[in-house]
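Chemist:
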Amino acid sequence: MTDNVTLTINEEEVSVPARTLLVDAARMAGVEIPVFCSHPKLDPVGCCRMCLVEVDGPRGTAMMASCTMPVGDGMVVRTDTEQVRTVQEANLAFILLNHPLDCPICDKGGECPLQDQTMRFGPGISQLIEPKRLAKKHYDISDTIVLDQERCVLCWRCIRYLEEWEDKPQLGLFERGNDTIVDIQDGRPVDAKTSGNIIDLCPVGALTNRVARFAYRPWEIERTPSVCMHCSVGCNVRLDSRTHQLRRIVGRENMQVNDQWICDKGRFAHAWVNDENRLATPQLRKNGKLVPVQWSEALAYIANRLTGIKEKYGADSIGAIGSGKISNESNYALQRFMRAVIGTNNIDHRDGGEVAALPTGLPALTELMKPQYGPDPEVDTVVLFGLDPSEELPILDLHLKRAILRGGVKLIIAHARKIELTRYGGPYLAYLPGGESLLVSRLLQAVQGTALSDEEPAIQAAAKLLKESESSLIVYGPMAARGENGPGVRDGLEQLAQAVGEGARVAYVGLDGNAQGCRDMGVLPDGLPGQFPLDDGDARSRLEALWGCELSTFPGYTYKQMLDSQEMRALFVNGANPATESPDWSASLEELELLVVTDLLPTETAQKADVVLPAQGWAESDGTYTNLERRVQRAPKAVTDPKSRAAPDWMIFTHLAKQMGTHWPFSDAHSVTAEITRAVPAYAGLTWEALGDQGRQWDSDSAPVSGASAGRTLDGISETAFGDAEYPLNLVTGTVLYDGGTLFSLTEQMHGMAHGATVTLNPADAAEFGLDAGSAVTVRSEQGNLDLTVAVDAQVQAGCAWIPESLPGAPVGALLNGSFTQRVKIERR
Amino acid sequence: MELGEFLKGAAEIGKAMGVTLKHLGQKPVTVEFPHEDIPIYPRFRGRHELRRYANGLERCIGCCLCEAACPTEAIYVEAAENDPDAPLSPGERHAKVYELNLLRCVFCGDCEEACPTEAIVLGHDFAMANYERKDFVLTKEELLNPGMPKVIIRPE
Ligand code: SF4
Ligand code: SF4
Ligand code: SF4
Ligand code: SF4
Ligand code: FES
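Residue numbers (numbering that gives the first Met the number 0), protein chains in the order written: chain A, 0 to 828; chain B, 0 to 155.
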């Protein structure tokens with residue numbers, strides 16, 4: 000290859016791509032050069048001088064920093080001479096001058112590059128007799144990260160990560176010379192959503208994990224490669240466990256998904272796994288109280304009641320709710336039970352049948368990624384429609400920021416709030432909840448050139464960007480496509496892509512960790528496994544042969560319909576908590592003749608159940624999860640609580656099916672994965688073994704073709720009336736990363752980070768209503784009311800009230816009561 | 000039986016009796032254990048103890064190095080952070096749980112060798128019989144309050 004250069008390292012000739020750094024070239028040649036500041040995912044700075052090597056140059060042999068020096072043709076490099084060794088020893092002695100003798104109490108001990116390099120390249124003796132410099136120890140720079148300034152070797156890695164990837168320069172170096180220390184800026188804690196990555200990057204124990212503090216020693220933990228389930232990016236992680244407990248989570252490299260970064264929720268919020276309130280034994284309601292029973296009794300009771308209800312009211316009086324938070328295996332078993340054993344299509348999940356989705360997710364995350372050394376993103380323009388990656392998909396947010404800053408990607412944002420990513424100055428198209436499809440059609444007209452001449456400049460700018468783009472990607476999320484408006488938004492966006500031309504594509508991304516997998520498994524009232532319509536002949540005959548049954552063609556109830564309907568007699572709820580979403584649902588769950596809840600924790604819904612079954616979660620049983628780019632990934636069992644009698648969902652449903660007279664051939668989770676490969680054509684070949692530890696994307700060509708939308712007219716456009724006298728504000732809701740959900744809130748150390756129970760208003764509205772930040776108010780809608788505190792932020796449009804979902808103790812469901820849009824008024828308390 | 004043989008036998012018996020009689024007057028070398036103490040050499044390695052500093056703080060900092068050094072996995076340590084207002088040990092870290100299973104221990108002394116703060120030491124108590132297996136797992140409480148405290152640290 001022409002762009003390769005050949006150089007000599009330690010008398011061996013090596014050929015590497017041009018512009019490779021010497022330190023990387025040496026690594027490729029199998030030669031180790033010790034480094035502290037250099038990192039393969041950060042820009043070189045050359046500040047620690049650990050990597051000096053001998054390079055022959057025109058002016059003789061010189062000591063050069065190999066981490067900042069690109070290779071040159073014919074370069075002669077030596078890393079093993081006496082001089083190099085002397086310099087390495089001297090340099091380590093300097094680095095250790097002020098380094099405390101903390102190893103025994105330092106969380107990095109045992110996996111510390113400074114320890115390792117001192118052993119390998121250090122002088123072995125110390126000449127220091129003077130006292131060491133003192134600085135701040137156990138200093139919390141955020142609720143999750145502890146800084147020890149004495150241990151810092153001033154390598155700039157943390158500072159560079161926050162600048163180069165997060166674009167949030169929240170750490171810096173202060174003072175000079177011997178007194179130089181790393182510190183936060185202006186006393187403000189580090190709050191970047193992926194700040195925990197600096198712990199992994201720090202080559203010493205200066206930055207350590209506050210949540211896992213002193214909970215592990217590197218030599219005593221078991222390491223399980225897994226994936227994160229907090230959101231649909233599906234970052235690769237490693238679970239470190241000891242004595243049946245999850246002790247710590249660190250990032251794991253997967254260049255197709257998360258590079259090597261993970262967000263703080265994924266890293267720190269794991270206390271729920273070993274929470275003492277985890278359900279550990281089946282419970283049955285007897286005389287109005289849930290009492291612990293044997294599995295056999297619980298399952299026999301359910302089977303018996305189900306048979307009775309089915310005989311009396313028919314199969315369609317029974318329904319099931321799956322979840323984007325549980326594995327493919329769990330969801331598959333649940334829907335197979337409903338379809339094959341009960342004989343109904345009443346199966347759905349939150350953000351399932353009510354959301355007008357598209358089947359394949361993102362084309363590929365790599366198309367949006369800009370790794371340190373690698374090509375620019377393939378996509379040049381991204382439209383985010385009703386999606387806030389900073390709160391919902393933090394690592395996608397990280398990729399996008401990097402793609403904008405270093406990959407030249409243009410960003411267009413359509414959202415009800417002026418979300419954080421609008422800081423990059425791309426066109427921001429505001430809409431009010433319910434006005435999504437109207438905005439789509441205006442954008443479409445602007446692209447087609449039929450817009451009114453006085454159309455908003457932002458829309459015109461967006462249309463211009465789209466028309467100039469060669470490869471654009473329009474990504475929308477569930478918030479934009481829920482309810483009646485959903486199909487209009489989806490079809491409109493597809494038409495928009497067609498109008499833009501060749502290179503434009505549309506993708507739907509769900510938010511929950513397994514949102515995509517849940518759809519793929521057929522946890523949809525109108526979709527069989529593989530997302531095939533109920534009347535698809537091939538899919539039906541394939542599944543009927545596989546399951547040995549006849550499938551109902553009658554479309555089932557959606558999530559909302561199941562909870563609203565008075566005809567439901569029995570309901571299974573797996574990994575969902577509808578009781579908190581609406582007061583009406585909470586009441587109707589109590590009316591059911593049989594409510595079976597399978598969950599990890601005693602949720603509000605579980606409190607109402609007739610039978611509560613304890614499930615094994617993500618860390619306790621083998622399972623596969625499909626992320627937002629259709630990548631099927633493994634999350635193997637990492638811990639098992641020996642005292643718990645919880646079982647994986649697939650096993651529960653296998654036994655229940657047996658009680659009802661059907662034998663399923665499942666002996667372990669992998670056999671369920673294997674059956675999925677036969678039930679879902681797109682998953683063919685994706686067995687447990689084949690997935691490996693980097694996962695595999697399913698082929699988007701195997702997805703069912705969604706009905707051509709071009710011919711459909713954009714109906715369902717509803718203009719939202721802007722305020723009315725009684726309820727002047729539009730309620731805007733959505734997901735925040737640090738909410739009051741159980742999976743987050745059980746990690747005590749993070750409580751200070753949780754979003755407060757607030758309603759956020761635009762400054763103009765706050766002034767108009769005479770409210771200040773901190774005023775105690777009651778928010779009222781036609782459906783109910785909620786006590787909150789006011790916050791004021793220009794991020795919220797005028798005329799809107801922003802109340803995120805699942806705030807601690809303040810469910811916005813009280814105002815929505817199952818609907819998607821509401822108007823509210825605010826009264827002082 | 001010949002006379003010669005008889006005399007020879009008598010002489011043998013006499014010789015033996017001589018030894019017996021000689022020792023009859025000497026002090027016994029056996030010890031009436033447990034009524035009497037036995038001599039223990041300074042480097043004897045018996046039941047462990049966890050030491051404290053003179054100011055009462057625990058020496059153990061919960062670093063788990065003894066646990067790592069132990070060839071029989073007899074030690075289990077669980078560390079925790081010190082409450083700055085009421086620290087159990089100097090610095091940030093202490094042992095929340097410290098358990099030592101005497102049934103596994105081979106009294107090799109590696110734990111003592113590994114400890115950076117001379118917290119865990121092997122004492123001189125060797126009488127460790129017990130009625131229940133679980134009583135052989137020494138807790139941190141038992142280790143910190145040994146029945147027979149050892150004062151001298153091993154010379155090496
Ligand atoms: S940073 Fe490394 S060398 Fe420094 S105290 Fe911690 S373990 Fe020891
Ligand atoms: S805190 Fe760690 S990563 Fe940051 S400069 Fe110091 S040693 Fe480097
Ligand atoms: S004396 Fe040896 S075997 Fe016994 S606890 Fe210490 S290291 Fe383990
Ligand atoms: S006894 Fe010594 S080696 Fe063991 S944990 Fe305590 S301080 Fe560390
Ligand atoms: S690694 Fe090259 S100067 Fe730090």
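By construction, the Cβ of each residue, glycine as well, lies at the ideal position given by its N, Cα and C atoms.
Here the structure is a predicted model, which is why all the values come from computation and not from measurement.
Just the residues with CB closer than 7 Å to a heavy atom of ligand 5, in chain order, which are they?
Modeler: A:Val-22, A:Val-34, A:Phe-35, A:Cys-36, A:Ser-37, A:Gly-45, A:Cys-46, A:Cys-47, A:Arg-48, A:Met-49, A:Cys-50, A:Ala-64, A:Ser-65, A:Cys-66, A:Thr-67 and A:Cys-154
Chemist: A:Leu-206: beta carbon under 7 Å from a heavy atom of ligand 2?
Modeler: Proximity of the beta carbon of A:Leu-206 to ligand 2 is indicated: a heavy atom of the ligand is located closer than 7 Å.
Chemist: Assess contact between the segment 91 to 111 of chain A and the segment 200 to 215 of chain A, defined as three or more Cβ pairs (one per stretch) separated by less than 8 Å. Is contact present?
Modeler: yes
Chemist: Please tell me whether, using a cut-off of 7 Å, the distance from the CB of B:Gly-61 to the nearest non-hydrogen atom of ligand 4 is below it.
Modeler: Taking 7 Å as the cut-off, the C-beta of B:Gly-61 counts as close to a heavy atom of ligand 4.
Chemist: When you compare the CB of A:Glu-718 with every CB in chain B, is at least one pair closer than 8 Å?
Modeler: Here A:Glu-718 scores only 48 on pLDDT, less than 50, and its place in the model is too uncertain to base an answer on.
Chemist: Once you ignore the five residues that flank B:Tyr-97 on each side, which residues in its own chain have a CB closer than 7 Å to its CB?
Modeler: Leu-49, Cys-59, Val-76, Lys-139 and Leu-142
Chemist: Are there 16 or more other CB atoms within 10 angstroms of the CB of A:Lys-324, so buried, or fewer, so exposed?
Modeler: Per the 10 Å Cβ criterion, buried.
Chemist: With a cut-off of 8 Å, do at least 3 Cβ pairs link the segment 333 to 343 of chain A to the segment 547 to 562 of chain A?
Modeler: yes
Chemist: Using three-state DSSP, classify A:Val-347 as helix, strand or coil.
Modeler: Residue 347 of chain A is actually Asp in this sequence, not Val. Of the three classes helix, strand and coil, the one that applies to A:Asp-347 here is strand, per DSSP.
Chemist: How do the segment 112 to 127 of chain A and the segment 154 to 169 of chain A stand: do at least 3 beta-carbon pairs fall below 8 Å, yes or no?
Modeler: Touching, no, given that fewer than three Cβ pairs across the two stretches are closer than 8 Å.
Chemist: Check distances from the C-beta atoms of the segment 49 to 78 of chain B to those of chain A and list, in chain order, the residues that come in under 9 Å.
Modeler: Ile-60, Gly-61, Cys-62, Cys-63, Leu-64, Glu-66, Ala-67, Tyr-75, Val-76, Glu-77 and Ala-78
Chemist: CA-CA distance, A:Thr-741 and A:Trp-271?
Modeler: Straight-line Cα distance between these residues: approximately 7 Å.
Chemist: Is the segment 224 to 237 of chain A close to the segment 190 to 200 of chain A, with three or more CB pairs under 8 Å?
Modeler: no
Chemist: Is A:Val-203 close to ligand 1? I mean its beta-carbon at under 7 Å from any heavy atom of the ligand.
Modeler: yes
Chemist: Flag this pair as touching only if the segment 304 to 313 of chain A and the segment 323 to 338 of chain A have three or more C-beta atom pairs under 8 Å; answer yes or no.
Modeler: Taking a cut-off of 8 Å on C-beta distances, the segment 304 to 313 of chain A does not touch the segment 323 to 338 of chain A, as fewer than three cross pairs fall below it.
Chemist: Can the beta-carbon of A:Cys-799 be found closer than 8 Å to that of A:Leu-745?
Modeler: A:Leu-745 is positioned such that its CB atom lies no closer than 8 Å to that of A:Cys-799.
Chemist: Is any heavy atom of ligand 1 found at a distance shorter than 7 Å from the C-beta of A:Gly-195?
Modeler: no
Chemist: Three Cβ pairs or more, each shorter than 8 Å: is that satisfied between the segment 687 to 703 of chain A and the segment 750 to 768 of chain A?
Modeler: Under the Cβ criterion (8 Å, minimum of three pairs), the segment 687 to 703 of chain A does not count as touching the segment 750 to 768 of chain A.
Chemist: Spell out a yes or no on whether the segment 409 to 425 of chain A and the segment 382 to 397 of chain A are touching, meaning 3 or more CB-CB pairs, one atom from each, closer than 8 Å.
Modeler: yes
Chemist: Which chain B residues sit within Cβ distance under 7 Å of A:Pro-103?
Modeler: Ile-60, Cys-62, Leu-64 and Pro-115
Chemist: Listing by chain order, which chain B residues have their CB less than 7 Å from the CB of A:Phe-652?
Modeler: Within chain B, no residue has its beta carbon less than 7 Å from that of A:Phe-652; the closest one is some 38 Å off.
Chemist: Beta carbon of B:Cys-65: closer than 7 Å to some heavy atom of ligand 4?
Modeler: yes
Chemist: Between which two residues does the alpha helix (DSSP H) containing A:Arg-436 stretch?
Modeler: Position check: residue 436 of chain A holds Ser in this sequence, whereas Arg was assumed. Its alpha helix (DSSP H) spans residues 435 to 447.
Chemist: Pick helix, strand or coil for A:Glu-12, following the three-state DSSP scheme.
Modeler: strand
Chemist: So does the segment 427 to 439 of chain A actually touch the segment 487 to 498 of chain A, counting three or more Cβ pairs closer than 8 Å?
Modeler: yes
Chemist: So what does DSSP say about A:Lys-409, is it helix, strand or coil?
Modeler: strand
Chemist: Interface residues of chain A around B:Glu-80 at Cβ under 7 Å?
Modeler: Arg-212 and Phe-213
Chemist: Tell me which residues share the same chain as A:Thr-85 and place their Cβ nearer than 6 Å to its Cβ, disregarding the 5 neighbours each side in the sequence.
Modeler: none
Chemist: Going by DSSP, what residue range makes up the beta strand (DSSP E) through A:Pro-613?
Modeler: 610 to 613
Chemist: Please indicate yes or no: does the CB of A:Arg-156 lie closer than 7 Å to some heavy atom of ligand 2?
Modeler: yes
Chemist: Pick out every residue whose C-beta is nearer than 7 Å to a heavy atom of ligand 3: which are they, in chain order?
Modeler: Those residues, listed in chain order, are B:Arg-44, B:His-47, B:Cys-65, B:Ala-68, B:Cys-69, B:Pro-70, B:Thr-71, B:Ala-73, B:Ile-74, B:Leu-99, B:Arg-103, B:Cys-104, B:Val-105, B:Phe-106, B:Cys-107, B:Gly-108, B:Asp-109, B:Cys-110, B:Glu-111 and B:Leu-121.
Chemist: What is the rounded straight-line gap between the Cα of A:Ser-805 and the Cα of A:Thr-602?
Modeler: Looking at the two C-alpha atoms, the distance is approximately 13 Å.
Chemist: Quick one: which chain A residues come within Cβ less than 8 Å of B:Gly-90?
Modeler: Ile-104
Chemist: Taking the alpha-carbon positions, what's the A:Asn-761 to A:Glu-674 distance?
Modeler: 52 Å
Chemist: I believe B:His-47 touches B:Leu-137 by the beta-carbon criterion, under 8 Å. Please report the beta-carbon distance rounded to the nearest angstrom.
Modeler: 7 Å
Chemist: I'd like to know if A:Glu-688 contacts chain B, where contact means its C-beta is closer than 8 Å to some C-beta of that chain.
Modeler: no
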